[in-house]
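For reference, the structure discussed in these notes is given below.
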Amino acid sequence: MTAGDAGRWDGAGFATRAIHAGQDPDPRTGAVIVPVYQTSTFRQTGVGEHAGWDYARSGNPTRDALETAIASLEGGAHGLAFGSGLAAGDAVLRGLAPGDHVVLANDVYGGTYRQFSRVHSRWGLAFDPVDLSDPEALAAAWRPETRMLWIETPTNPLLSVFDISQLAAFAHERDALVVVDNTFATPALQQPLALGADVVVHSATKYLGGHSDVVGGALVTSAADLAEQYQFLQNAVGAVPGPWDVFLVLRGLKTLEVRMRAHCDNARAVVAALQEMPEVATVLYPGLEGHPGHAVAARQMRDFGGMVSFRMHDAEAAVESCRRFRVFTLAESLGGVESLVEHPGRMTHLSTAGSPLEVPADLVRLSVGIEDADDLIADLHAALAA
Numbered sequence: 001m002t003a004g005d006a007g008r009w010d011g012a013g014f015a016t017r018a019i020h021a022g023q024d025p026d027p028r029t030g031a032v033i034v035p036v037y038q039t040s041t042f043r044q045t046g047v048g049e050h051a052g053w054d055y056a057r058s059g060n061p062t063r064d065a066l067e068t069a070i071a072s073l074e075g076g077a078h079g080l081a082f083g084s085g086l087a088a089g090d091a092v093l094r095g096l097a098p099g100d101h102v103v104l105a106n107d108v109y110g111g112t113y114r115q116f117s118r119v120h121s122r123w124g125l126a127f128d129p130v131d132l133s134d135p136e137a138l139a140a141a142w143r144p145e146t147r148m149l150w151i152e153t154p155t156n157p158l159l160s161v162f163d164i165s166q167l168a169a170f171a172h173e174r175d176a177l178v179v180v181d182n183t184f185a186t187p188a189l190q191q192p193l194a195l196g197a198d199v200v201v202h203s204a205t206k207y208l209g210g211h212s213d214v215v216g217g218a219l220v221t222s223a224a225d226l227a228e229q230y231q232f233l234q235n236a237v238g239a240v241p242g243p244w245d246v247f248l249v250l251r252g253l254k255t256l257e258v259r260m261r262a263h264c265d266n267a268r269a270v271v272a273a274l275q276e277m278p279e280v281a282t283v284l285y286p287g288l289e290g291h292p293g294h295a296v297a298a299r300q301m302r303d304f305g306g307m308v309s310f311r312m313h314d315a316e317a318a319v320e321s322c323r324r325f326r327v328f329t330l331a332e333s334l335g336g337v338e339s340l341v342e343h344p345g346r347m348t349h350l351s352t353a354g355s356p357l358e359v360p361a362d363l364v365r366l367s368v369g370i371e372d373a374d375d376l377i378a379d380l381h382a383a384l385a386a
């Protein structure tokens, strides 16, 4: 399975490419699903002569299919799969050098911040979190040695929205790379490469896989030099997914478009209910006209996503309410078919405590699944009004 197999799907619709790009029926057996090539090595016909694969860390036909598919969905030329979203991000950051500087959004996933602050900073990489919606703050944080702008939009967990086109223009004028974490939006809703980004990263654990049964990551770029660099790191560092994990993400991609429509519809229903509840102080959701990033989100996204955050009137109420849900499951992660609830300050974003990225203690984050909306709303009322 090679990238060339996807060529006949160029120009096809998103849902069609999600099912077919890089995933032609197996030529030997006719199997309509890409086989799981559960092997660590491949027979060579001669010394250094093989059919394109020699050792599974370097490449695997099942992985090739996923890499072709995710590149097609993001509108890029090169896709790479990793063992986790953080492994994909790590490869991008390893492309920088000691002394380089990164500007990143001041609301990013806690694991991303931990990677910057406790891993790469030890090896000489400098960074500054900035409100990317504030042009003056961005300009003030920029340095001569700034080499990368790292964007999440919508952000995790405050659901801030940033203008990718505008930020990409600013960074490219200063010869910096633009990286967008597209995990929350997915390529079904947002295409950062078309908006000017150089690299897109994903936690494939989330919406791409979509069923809370796999951990994985991916990155996509159209720049051949970056792809070559990241492919080298993918092989040299070895943070690659196994073929079964790849198979599960491929399975998830096939229903990504239809699942995202259901996530978005349910999120709208949940937001409408939350706005009527006296226990809720503020609802954070880009689909609300009063959201500061609503106009940008409406312009650069096809819909507003399945993630919803809200603030309660005090921190203890937020913590206690998380324990009372019955349909929403109290758990970390997001993007599965089942609805999840969490307290970011004590769970996914604990690593940001005491930092400029510390999240409000009264914040609750929902990953709205695809259950019946009426059941989700009834669960919200029961948990928050108790």
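Residue 292 in this note's numbering sits at position 292 of the sequence shown, and the numbers go up by one each step. C-beta: ideal position from N, C-alpha, C; glycine also. Bear in mind that the values here come from a model prediction, so they are computed numbers and not experimental data.
request  = State the Cα-Cα distance for the pair Val-337 and Asp-374, rounded to the nearest angstrom.
outcome  = Residue 337 sits at position 337 when you count from the first residue of the sequence shown. Residue 374 sits at position 374 when you count from the first residue of the sequence shown. Cα to Cα, the separation comes out at about 16 Å.
message = Can you tell me which residues form a DSSP beta bridge with Trp-244?
response = For the purposes of this step, residue 244 is taken as residue 244 along the sequence shown, with counting starting at 1. In the DSSP output, where bridge partners are listed per residue, Trp-244 has none listed.
inquiry  = Need the endpoints of the alpha helix (DSSP H) that Phe-82 sits in, please.
reply    = For this step, residue 82 is matched to residue 82 along the sequence shown. Counting along the chain, Phe-82 falls outside any alpha helix (DSSP H), though it belongs to the beta strand (DSSP E) covering 78-82.
ask   = Residue range of the alpha helix (DSSP H) that Glu-173 falls in?
value = Translated into the one-based positions of the sequence shown, residue 173 becomes position 173. Unbroken alpha helix (DSSP H) run through Glu-173: 164-173.
inquiry  = As a quick exercise: from Thr-39, Gln-38 and Gln-23, pick the residue whose alpha carbon is nearest that of Val-32.
reply    = Here residue 32 refers to the residue found at position 32 of the sequence shown. Ranking Thr-39, Gln-38 and Gln-23 by Cα distance to Val-32 puts Gln-23 first.
request  = Ignore the nearest five residues each way along the sequence and tell me which others in Met-347's own chain have a CB closer than 8 Å to its CB.
outcome  = What you label residue 347 is simply residue 347 of the sequence shown in a count that begins at 1. Here the set comprises Glu-332.
Straight-line Cα distance separating Ile-70 from Leu-132 = As a first step, residue 132 must be located in the sequence shown, where it is residue number 132. As a first step, residue 70 must be located in the sequence shown, where it is residue number 70. Answer to the nearest angstrom: the Cα atoms are 27 Å apart.
ask   = Roughly how many angstroms lie between the CA atoms of Tyr-285 and Leu-159, to the nearest whole one?
value = The residue labelled residue 285 in the question sits at position 285 within the sequence shown. The residue labelled residue 159 in the question sits at position 159 within the sequence shown. Approximately 6 Å, taken between the alpha carbons.
message = Suppose the cutoff is 7 Å on Cβ atoms and the five residues either side in sequence are ignored; what does the same chain contact list for Leu-248 look like?
response = Counting from one through the sequence shown, the residue named residue 248 turns up at place 248. Hits under 7 Å: Gly-209, Asp-213 and Val-214.
key: Run of the alpha helix (DSSP H) containing Pro-135, from where it starts to where it stops   = Indexing the sequence shown from 1 puts residue 135 at position 135. 135-141 is the extent of the alpha helix (DSSP H) around Pro-135.
task = Note the first and the last residue of the continuous alpha helix (DSSP H) segment covering Phe-116.
result = Your numbering for residue 116 matches position 116 in the sequence shown. 110-118 is the extent of the alpha helix (DSSP H) around Phe-116.
key: Contacting residues, own chain, Cβ-Cβ under 8 Å from Phe-395 (five flanking each side not counted)   = It is not possible to answer for residue 395, since the shown part of the chain is limited to 1 through 386.
inquiry  = Considering just the uninterrupted stretch of the alpha helix (DSSP H) at Gly-217, what are its terminal residues?
reply    = On the sequence shown, residue 217 is found 217 positions in, with the first residue counted as 1. First-last for Gly-217: 217-221, but that is the beta strand (DSSP E), not the alpha helix (DSSP H).
Span of the alpha helix (DSSP H) around Leu-340 = As a working note, residue 340 is residue 340 in the sequence shown. First-last for Leu-340: 340-342, but that is the beta strand (DSSP E), not the alpha helix (DSSP H).
request  = Could you name each continuous beta strand (DSSP E) segment of 3 residues or more that falls completely within the region 241-293, going from the start of the chain to the end?
outcome  = Segments of the beta strand (DSSP E) lying fully in the region 241-293: 280-284.
message = I want to see whether chain B comes within less than 7 Å of Arg-28, judged by CB atoms only; does it?
response = No chain B is present in this structure, which holds just one protein chain.
inquiry  = Below 8 Å, how does it come out for the region 290-308 and the region 182-193: are there three or more Cβ pairs, yes or no?
reply    = Yes: at least three Cβ pairs fall under 8 Å.
ask   = Is Asp-379 buried or exposed, if buried means 16 or more other CB atoms sit within 10 Å of its CB?
value = Here residue 379 corresponds to residue number 379 of the sequence shown, with the count starting at 1. So Asp-379 counts as buried.
inquiry  = Does Arg-365 come out as helix, strand or coil in the three-state DSSP assignment?
reply    = In the sequence shown, counting from the first residue as 1, residue 365 sits at position 365. Arg-365: strand per DSSP, three-state reduction.
inquiry  = So Val-341 and Val-364 are supposed to be a Cβ contact under 8 Å. How far apart are they, rounded?
reply    = Position 341 of the sequence shown holds residue 341. Position 364 of the sequence shown holds residue 364. Indeed they touch by this definition, with Cβ atoms about 7 Å apart.
task = Under 8 Å by Cβ, that's how I've got Met-307 and Leu-288 pegged, so tell me the actual separation to the nearest angstrom.
result = Position 307 of the sequence shown, counted from the start, is the residue given in the question as residue 307. Position 288 of the sequence shown, counted from the start, is the residue given in the question as residue 288. Incorrect: roughly 13 Å between the Cβ atoms, too far for contact.
query = Under a Cβ-count criterion, where at least 16 other Cβ atoms within 10 Å of its own Cβ denotes burial, should Val-368 be classed as buried or exposed?
reply = For the purposes of this step, residue 368 is identified with residue 368 of the sequence shown, where counting begins at 1. Per the 10 Å Cβ criterion, buried.
key: Same chain only: Cβ atoms within 6 Å of Gly-111, ignoring 5 sequence neighbours per side   = Here residue 111 refers to the residue found at position 111 of the sequence shown. These residues qualify, in order along the chain: Leu-86.
query = Pick from Pro-27, Ala-77, Leu-376 and Ser-84: whose alpha carbon is nearest that of Pro-61?
reply = Indexing the sequence shown from 1 puts residue 61 at position 61. Comparing Cα-Cα distances from Pro-61 to each of Pro-27, Ala-77, Leu-376 and Ser-84, the minimum goes to Pro-27.
inquiry  = Taking only three categories from DSSP, how would you classify Arg-43?
reply    = Numbered from its first residue, the sequence shown carries residue 43 at position 43. Coil, per DSSP.
query = Run through DSSP, which three-state label would Tyr-230 get?
reply = Taking the first residue of the sequence shown as 1, we reach residue 230 at position 230. Reduced to three states, the DSSP call for Tyr-230 is helix.
inquiry  = Would you say the beta carbon of Phe-247 is closer than 6 Å to some non-hydrogen atom of the ligand MG?
reply    = In terms of ligand content, the structure shown is empty, and the ligand MG therefore cannot be addressed.
ask   = What residue does the alpha helix (DSSP H) around Glu-67 start on, and which one ends it?
value = The residue given as residue 67 occupies position 67 in the sequence shown. It spans 61-74 - the alpha helix (DSSP H) in which Glu-67 sits, taken as one unbroken run.
message = Using only the alpha-carbon positions, how far apart do Ala-141 and Ala-353 sit?
response = Numbered from 1 along the sequence shown, position 141 holds the residue referred to as residue 141. Numbered from 1 along the sequence shown, position 353 holds the residue referred to as residue 353. For Ala-141 and Ala-353, the distance between alpha carbons rounds to 22 Å.
request  = Return the residue from the list Thr-155, Glu-145, Phe-162 and Ala-91 that minimises the CA-CA distance to Val-296.
outcome  = Here residue 296 corresponds to residue number 296 of the sequence shown, with the count starting at 1. Of Thr-155, Glu-145, Phe-162 and Ala-91, the residue nearest in Cα terms is Phe-162.
ask   = Would Ser-40 be called buried (16 or more neighbouring beta carbons within 10 Å of its own) or exposed?
value = Taking the sequence shown and counting its residues from 1, one reaches residue 40 at position 40. Exposed is the call here.
key: Buried or exposed (CB count within 10 angstroms, at least 16 for buried), Pro-135   = Within the sequence shown, numbered from 1, the residue matching residue 135 stands at position 135. Answer is exposed; the Cβ neighbour count stays below 16.
key: Nonlocal neighbours in the same chain, by C-beta distance under 7 Å from Gly-89, ignoring five residues either side   = To locate residue 89, count along the sequence shown from 1; it is residue 89. Excluding positions up to five away in sequence, the list reads Thr-112, Gln-115 and Val-201.
task = Measuring alpha carbon to alpha carbon, tell me which of Gln-38, Ala-81 and Thr-29 ends up nearest Leu-233.
result = Your numbering for residue 233 matches position 233 in the sequence shown. Measuring from the Cα of Leu-233, the nearest candidate turns out to be Ala-81.
inquiry  = Can you give me the C-alpha to C-alpha distance between Val-283 and Thr-186, rounded to a whole angstrom?
reply    = Within the sequence shown, numbered from 1, the residue matching residue 283 stands at position 283. Within the sequence shown, numbered from 1, the residue matching residue 186 stands at position 186. Their Cα atoms are separated by approximately 22 Å.
message = Along the chain, where does the beta strand (DSSP E) containing Glu-152 start, and where does it finish?
response = Here residue 152 is taken as the residue at index 152 of the sequence shown, counted from 1. Start and end: 146-152.
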